[in-house]
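For the record, the sequence lines run as chains A and B.
Basically our numbering = 1-based index in the first sequence + 164.
Basically our numbering = 1-based index in the second sequence + 164.
For each residue, glycine too, the CB sits at the ideal point set by N, CA and C.
Predicted model only: the values in this text are computed from it and were never measured.
Protein chains: 2
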Amino acid sequence: MAQLAQPVRGMRDILPPQGELRRRVANAILDIYARYGFELIETPALEALEVLLGSGGGENEKLVFKILKRGERLDEELSRGGELSDAGLRFDLTVPLARFVANHLNDLPMPFKVAHMASVWRGERPARGRFREFVQCDIDIVGEPSAAAEVELCSATLDALSGVGVQGCTVKLNDRRLLRAVVEKYLGPLEDPTPVYIELDKLERDGPSAVRRYLDGYDAAGVEGLLEWLEQGDIDAAPPETSEALKATLRSLADQGYAAEFDAALVRGIGYYTGQIFEVRRPDIGYSLAGGGRYDGMTARFGAPALAMCGFSIGFERVCDLVDPALFGRGQHRVAVTCANEDELMRSLAAARARRARDPGTVFNVVRRARNARKQQEDLTKLGYSEVLDGKEFGRQ
Amino acid sequence: MAQLAQPVRGMRDILPPQGELRRRVANAILDIYARYGFELIETPALEALEVLLGSGGGENEKLVFKILKRGERLDEELSRGGELSDAGLRFDLTVPLARFVANHLNDLPMPFKVAHMASVWRGERPARGRFREFVQCDIDIVGEPSAAAEVELCSATLDALSGVGVQGCTVKLNDRRLLRAVVEKYLGPLEDPTPVYIELDKLERDGPSAVRRYLDGYDAAGVEGLLEWLEQGDIDAAPPETSEALKATLRSLADQGYAAEFDAALVRGIGYYTGQIFEVRRPDIGYSLAGGGRYDGMTARFGAPALAMCGFSIGFERVCDLVDPALFGRGQHRVAVTCANEDELMRSLAAARARRARDPGTVFNVVRRARNARKQQEDLTKLGYSEVLDGKEFGRQ
């Protein structure tokens with residue numbers, strides 16, 4: 165196939181019947197979130213670089229797809245060696261949400277429970293199962309300072325996953341305040357521990373020797389102690405208030421019958437978290453299905469008061485990969501009508517329309533008979549058509 | 165509000181309850197298309213510039229948001245004055261579809277009836293009601309050369325519009341082959357008439373004196389004759405085969421009870437059309453709700469055989485503006501539970517979860533009681549909550 169016909173590097177096309185499956189899974193998740201009272205919003209794909217890059221988005225910052233200025237503005241910048249871009253594609257939905265909340269504070273209910281589902285873009289090295297464009301499905305609670313926010317987000321996320329048939333999930337929890345106390349105990353006081361978190365986050369993927377290398381600018385004995393601590397952990401190493409809140413989240417989730425556990429090695433490679441962090445894991449899968457945490461005060465970056473904020477994001481593609489397509493069958497009787505010529509097509513189109521009106525539960529797909537009728541029949545069967553009628557007859561109705 | 169909190173110029177945030185309304189309208193349209201047998205696909209937001217700009221997209225080409233190359237690749241281009249971008253955001257869904265079909269030809273049923281709904285981006289001057297990011301909802305038929313494609317696309321599009329309560333629409337039709345014959349009759353032979361179409365397309369918006377000015381490089385008497393012709397038109401000025409096909413489309417739509425009429429002045433400002441073109445209008449609105457046409461052979465640009473292609477695109481925002489929100493009510497009993505403190509919240513979250521399981525038709529929204537309880541009550545009423553319960557009681561269940 166010609167090079168020009170390919171999608172851009174690291175991105176992909178979604179073919180039938182996967183497109184319809186994705187729509188159904190997305191709606192099932194959003195329906196569950198709606199029943200929890202999360203209100204759906206949208207934000208633009210593009211944000212000002214000042215919004216995106218002032219965000220402490222960790223490694224994401226390097227990965228932003230920037231938009232080239234246009235026309236005279238570009239010519240001017242090129243002639244004086246200035247900035248070629250002032251906007252980029254969002255790399256997550258959290259930073260845009262904080263901007264959104266700051267922008268519309270007076271028009272939002274408060275506390276604000278919000279759902280947000282859309283594509284994000286990251287210029288990462290493409291790899292098997294990792295794409296540069298992917299969909300996140302986020303819920304966030306703005307204005308709730310207590311662990312009730314964490315509990316509800318974990319509860320709704322696990323319910324959404326089991327609602328689409330992804331069972332057997334566990335939510336793992338940790339707290340950035342606990343991590344910070346431990347990191348500073350072993351490595352000494354740090355102005356910003358984010359670079360350490362970013363490397364520690366690679367522990368599972370790359371193993372301890374790699375992480376030792378990544379952290380070779382730090383005291384070696386300290387790094388060793390830190391890595392050892394992460395293996396065992398101790399929820400009480402945190403300031404008492406932090407430990408109590410973490411225990412309250414775990415207890416409430418356990419009381420409701422969820423699988424929830426403390427995970428000292430859970431770090432997450434994003435700079436903006438300020439409190440509890442969490443991920444959804446399933447024992448048979450080597451990556452998380454959802455991730456999130458508390459990021460209090462991000463609204464203050466955008467000129468608004470520093471509000472309590474906490475969110476949980478489902479990796480939509482990862483969930484779609486686990487979904488049983490049979491659970492999202494189209495559930496409709498599907499009838500194809502194949503026609504030999506334009507006259508049969510015209511008659512069958514009119515007849516199909518009348519049949520659809522009489523029979524709202526049935527799909528009627530009128531289409532010209534292909535030269536390779538057998539391949540067409542197979543294709544139609546694959547697309548769920550249980551009946552294939554002859555347009556000559558059908559069009560006479 | 166701080167500048168930094170604003171969306172980028174020409175783009176916008178969607179607040180509740182509009183986000184949920186948009187989801188419901190989108191699903192209603194896609195459900196109707198599914199009943200016609202159109203299969204949903206997705207393509208990436210980014211395409212190679214070679215894909216986008218080799219497309220004869222007319223004025224859209226100037227309006228592409230280009231993606232800046234990154235890292236070493238950018239440094240290299242800057243140092244040698246090379247191309248700073250090789251990819252951009254799609255400005256429509258038609259060009260990406262042609263690439264998609266060329267790429268997956270062997271994996272698609274043929275003829276291929278396809279639905280495609282997504283954001284597109286155009287760097288146009290922002291104006292009232294015109295945004296730089298907007299959603300198109302397209303259906304296309306690939307591999308059907310006859311007017312049966314046009315008929316089915318017009319039928320499905322008008323059914324989708326009336327299905328979401330947008331009644332009283334008319335489809336206006338013309339044919340690029342007719343237009344070309346007329347343009348060349350008045351202006352003489354042209355290698356590419358696209359620049360003329362782009363100016364003629366502004367007739368309704370800017371009026372005839374403006375269009376005379378836009379076309380001042382052409383013979384003035386010829387332009388005058390052309391403008392006069394567009395006012396009256398004559399379907400038989402086309403080559404006989406073209407006139408017959410246009411009449412067949414009109415007849416078939418009229419037979420099915422649709423309002424469909426020939427419109428000599430319908431031009432559309434896009435270069436890639438090769439045959440019939442069409443728009444949906446409603447008499448009370450000064451712009452089209454949907455537009456499309458035949459663009460046979462676009463697949464050949466991407467190294468595939470030149471397939472018959474025809475499509476119709478709904479402007480999603482324009483339709484949402486006309487929809488009656490009452491028709492897309494959430495149809496659910498909505499209960500809010502307001503809580504005074506963390507303890508009430510934790511108990512109420514668990515109680516709400518049990519209630520949702522028992523009563524799948526009801527929304528239970530647990531939230532902390534705001535300091536301004538009256539404003540909160542008003543906000544909850546606006547969001548459709550008919551019952552507001554006290555978490556102290558509710559959490560005891």
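Let me know the secondary structure DSSP gives residue 480 (chain B) once reduced to three states.
helix
State yes or no: is the beta carbon of residue 459 (chain B) nearer than 9 Å to at least one beta carbon in chain A?
Cβ-Cβ to chain A under 9 Å: no for residue 459 (chain B).
How about residue 175 (chain B) and residue 286 (chain B): are their beta carbons less than 9 Å apart?
No.
Residues in its own chain within less than 7 Å of residue 341 (chain A) by CB, not counting five upstream and five downstream?
Beyond the five residues adjoining it in sequence on each side, residue 341 (chain A) comes within less than 7 Å, by CB distance, of 402, 403, 406 and 439 in the same chain, given in chain order.
Rounded C-alpha distance that separates residue 316 (chain A) from residue 513 (chain B):
7 Å
Spatial distance of residue 194 (chain B) from residue 279 (chain B) (CA atoms):
8 Å
For residue 401 (chain A), go through chain B and note every residue whose CB falls closer than 9 Å to its CB, in chain order.
None at all; the shortest Cβ gap to chain B is about 23 Å.
Would you say residue 387 (chain A) reaches chain B, if we count a Cβ-Cβ gap shorter than 9 Å as a contact?
no
Return the residue from the list B:446, B:461, B:501 and B:547 that minimises the CA-CA distance to residue 494 (chain B).
Checked all of B:446, B:461, B:501 and B:547; the closest Cα to residue 494 (chain B) is B:547.
Can you tell me whether residue 511 (chain B) is buried or exposed, with buried defined as 16 or more other CB within 10 angstroms of its CB?
Buried, since its Cβ has 16 or more Cβ neighbours within 10 Å.
If the cut is a Cβ gap below 9 Å, which residues of chain B does residue 317 (chain A) touch?
Under the 9 Å cutoff, chain B gives no residues; its nearest Cβ is about 10 Å from residue 317 (chain A).
Does DSSP put residue 221 (chain A) in a helix, a strand or coil?
Per-residue confidence for residue 221 (chain A) stands at a pLDDT of 48, beneath the threshold of 50, marking its modelled position as unreliable; the derived number appears in the next sentence. Residue 221 (chain A) falls in the coil class under three-state DSSP.
Kindly say whether residue 338 (chain A), judged by its beta-carbon, lies nearer than 9 Å to any beta-carbon of chain B.
no
Short Cβ contact (9 Å threshold) for residue 501 (chain A) with residue 448 (chain A)
No; because the gap between Cβ atoms is not below 9 Å, this pair is not in contact.
Does residue 491 (chain A) pass the burial test, meaning 16 or more other C-beta atoms within 10 Å, or should it be called exposed?
A residue is called buried once 16 or more other Cβ atoms fall within 10 Å of its Cβ, and residue 491 (chain A), having fewer, is exposed.
Would residue 293 (chain A) be called buried (16 or more neighbouring beta carbons within 10 Å of its own) or exposed?
exposed
Residue closest to residue 473 (chain A), alpha-carbon to alpha-carbon, out of A:450, A:518, A:265 and A:410
A:265
What is the DSSP secondary structure of residue 323 (chain A), reduced to helix, strand or coil?
helix
Against chain B, does residue 210 (chain A) count as a neighbour if the rule is that its beta carbon must be under 9 Å from one of theirs?
Using a Cβ-Cβ cut-off of 9 Å, residue 210 (chain A) counts as an interface residue toward chain B, since at least one Cβ of chain B sits closer than that to its own.
Mind checking the stretch 176–190 of chain B against chain A and listing, in chain order, the residues whose C-beta falls within less than 8 Å of any C-beta there?
176, 177, 178, 179, 180, 181, 183, 184, 186 and 187
Do you know offhand how far residue 267 (chain A)'s Cα is from residue 228 (chain B)'s?
27 Å
Starting from residue 510 (chain B) and walking both ways along the alpha helix (DSSP H), at which residues does that stretch end?
506–522
Buried or exposed for residue 545 (chain A), please, with buried defined as at least 16 other CB atoms from any protein chain shown within 10 angstroms of its CB.
Residue 545 (chain A) comes out exposed.
Can you give the Cα-Cα distance for residue 236 (chain A) and residue 248 (chain A), rounded to whole angstroms?
12 Å
Residue range of the alpha helix (DSSP H) that residue 536 (chain A) falls in?
It is not in any alpha helix (DSSP H) - residue 536 (chain A) carries neither H nor E in the DSSP assignment.
DSSP three-state label for residue 496 (chain A), please.
coil
Quick one: using the 10 Å Cβ neighbour count with 16 as the cut-off for buried, is residue 252 (chain B) buried or exposed?
buried
Can you find the residues in the same chain that come closer than 8 Å, C-beta to C-beta, to residue 533 (chain B), ignoring five residues on each side of it along the sequence?
Answer for residue 533 (chain B): 502, 503, 504, 540 and 555, listed in chain order.
Tell me whether residue 394 (chain A) is buried or exposed, calling it buried when 16 or more other Cβ atoms sit within 10 Å of its Cβ.
buried
Counting contacts by CB-CB distance shorter than 9 Å, is residue 489 (chain B) in contact with chain A?
no
Beta-carbon spacing of residue 441 (chain B), residue 207 (chain A) below 9 Å
no
Contact between the stretch 352–359 of chain A and the stretch 419–429 of chain A is defined here as three or more beta-carbon pairs at a separation below 8 Å; is this criterion met?
no
At which residues does the beta strand (DSSP E) containing residue 458 (chain A) begin and terminate?
454–458
Where does residue 352 (chain B) land, buried or exposed, given buried means 16+ other C-beta within 10 angstroms?
exposed
If we ignore side chains and look at the alpha-carbon of each, how far apart do residue 169 (chain A) and residue 322 (chain A) end up?
39 Å
Beta-carbon within less than 6 Å of residue 300 (chain A)'s beta-carbon, same chain only, minus the 5 sequence neighbours each way: which residues are those?
Apart from the 5 residues on each side of it in sequence, residue 300 (chain A) sits with its Cβ closer than 6 Å to the Cβ of 257, 284 and 477 in its chain, given in chain order.
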